[in-house]
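Step one of this worksheet: look at the structure below.
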Amino acid sequence: MKASVKWTDGRQFVAESGSGHSVVIDGPPDHGGRNTGARPMEMLLMGMGACTSFDVLNILEKARADVTDCVASLEAERADATPSVFTSIHVHFTVSGRGLKEKQVARAVELSAEKYCSASIMLVKGGVEITHSFTIVEE
Numbered sequence: 030m031k032a033s034v035k036w037t038d039g040r041q042f043v044a045e046s047g048s049g050h051s052v053v054i055d056g057p058p059d060h061g062g063r064n065t066g067a068r069p070m071e072m073l074l075m076g077m078g079a080c081t082s083f084d085v086l087n088i089l090e091k092a093r094a095d096v097t098d099c100v101a102s103l104e105a106e107r108a109d110a111t112p113s114v115f116t117s118i119h120v121h122f123t124v125s126g127r128g129l130k131e132k133q134v135a136r137a138v139e140l141s142a143e144k145y146c147s148a149s150i151m152l153v154k155g156g157v158e159i160t161h162s163f164t165i166v167e168e
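Numbering (our numbering), first residue to last: 30 to 168.
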């Protein structure tokens, strides 16, 4: 896997993934940025949310669950001291569909957390406490 990050101005960067996708990353004005993109730590949090959501959807689809929507809402706490690393992250999934079984959704979330989500498992190994919860919405 490869990526490049090019400085453009102030504290703004354009990051390009090895697969050719670009994203703007910027800092807040009080740190020399112009607030034109997500912060680096926000990107990390969003990446983890996408990684675990990818797994949950994959697992549920393989189980032939009738999922119509899945939203992962993440809340993170950071250390007060520098480096201001994540200390805890809570992920709440809202999974919508028809006839979804609580046990099936719980198992998908558990498998992602413990076996499949490279991003969250890496963060856990780095000392971040990650918790999960979910709500099922019947459609």
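Glycine is no exception: its CB is placed at the ideal position from the N, C-alpha and C atoms.
- Thr-116 is positioned such that its CB atom lies no closer than 9 Å to that of Asp-98.
- For Arg-127 against Asp-84, the beta-carbon gap comes to about 21 Å, at or over 8 Å, which does not count as contact.
- In the three-state reduction of the DSSP assignment, Thr-81 falls in the helix class.
- Looking at the DSSP output, Gly-49 bridges to nothing.
- Following the DSSP letters along the chain, one finds Leu-103 inside the beta strand (DSSP E) bounded by residues 95 to 107.
- The bridge partners DSSP lists for Glu-158 are Ser-117.
- Here Met-30 is exposed. Its C-beta has fewer than 16 other C-beta atoms within 10 Å.
- For Lys-35, the enclosing beta strand (DSSP E) covers residues 32 to 38.
- In this structure, DSSP gives Glu-143 a helical state, which the three-state scheme calls helix.
- Within the same chain, Cβ atoms closer than 7 Å to the Cβ of Ser-149 are found at Met-77, Cys-80, Thr-81, Ala-142 and Ile-159, the five residues on either side in sequence being excluded.
- Excluding five sequence positions before and after Ser-102, the CB atoms of its chain that fall closer than 6 Å to its own CB belong to His-121, given in chain order.
- Taken through DSSP and simplified to helix, strand or coil, Glu-167 comes out as strand.
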